[in-house]
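>
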Amino acid sequence: MAAAHTLTEADLVALVDRFYEKVQRDPELGPVFNPVVHDWVEHKATLVDFWSSVVLRTGRYRGNPMAMHRPHPIDAEHFDHWLALWRETALEVTGEDNAAVLCDFANRIAGSLKYGLGLDGRRRPLGLPIAPGGAEPSGRN
Numbered sequence: 001m002a003a004a005h006t007l008t009e010a011d012l013v014a015l016v017d018r019f020y021e022k023v024q025r026d027p028e029l030g031p032v033f034n035p036v037v038h039d040w041v042e043h044k045a046t047l048v049d050f051w052s053s054v055v056l057r058t059g060r061y062r063g064n065p066m067a068m069h070r071p072h073p074i075d076a077e078h079f080d081h082w083l084a085l086w087r088e089t090a091l092e093v094t095g096e097d098n099a100a101v102l103c104d105f106a107n108r109i110a111g112s113l114k115y116g117l118g119l120d121g122r123r124r125p126l127g128l129p130i131a132p133g134g135a136e137p138s139g140r141n
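The sequence shown begins at 1 in full-length UniProt numbering and counts up one residue at a time.
1. Is LYS44 near VAL23, with beta carbons less than 8 angstroms apart?
2. Using C-beta distances below 7 angstroms, list every residue in its chain close to GLY95, excluding the 5 sequence neighbours before and after it, in chain order.
3. Does the segment 105-112 come close enough to the segment 25-38 to have 3 or more Cβ pairs within less than 8 angstroms?
4. Is it the case that the Cβ atoms of LEU117 and HIS78 are separated by a distance below 8 angstroms?
5. Would you say TRP51 and TYR20 are within 8 angstroms of each other, going by their C-beta atoms?
6. Please look up how many angstroms separate the CB atoms of LEU113 and VAL55, rounded, as I've assumed it's under 8 angstroms.
7. Smallest Cα separation from GLU9: which of ARG87, PRO27 and ARG57?
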């Protein structure tokens, strides 16, 4: 569980805005995001809803991050770069303690997305997720 924080909605708006301004200009991430995000203002508002739901528990985000990322040419290195840029920006915008909280959430979310997109190196039978409880379905390796 993430540590206590003093993050506000305004912090999240500022962070998302600055972070995705960097993403748009980034030589690694820009080519992934720019062709598919047609309205950055709207996209950033959706991402503020997402982070508000995660960090402040507002419940405003109703999307499916896995489905949104699946069709795009994303690899494990993109996640690593995204996380490094997120940490840099979170430190700039929110300070060290709040950045640690934001990075904890981001690392867990990235791990889940990498797993779901098959980018974490774990083998799953027929490309399916591992059964609940972590056990492989019987008869499959």
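Built from N, CA and C at the ideal position, the CB exists for glycine as well. Note that the coordinates shown come from a computational prediction; the quantities given were computed from them, not determined experimentally.
Taking the structure as given:
1. No, the Cβ-Cβ distance between LYS44 and VAL23 is not below 8 angstroms.
2. There are no such residues.
3. Per the Cβ contact rule, the segment 105-112 is not in contact with the segment 25-38 (fewer than 3 Cβ pairs under 8 angstroms).
4. Going by C-beta atoms, LEU117 is not nearer than 8 angstroms to HIS78.
5. It is not a contact, given that the beta carbons lie outside the stated cut-off.
6. Their Cβ separation, rounded to whole angstroms, is 17 angstroms, which puts LEU113 and VAL55 out of contact at 8 angstroms.
7. Nearest of ARG87, PRO27 and ARG57 to GLU9, Cα basis: ARG57.
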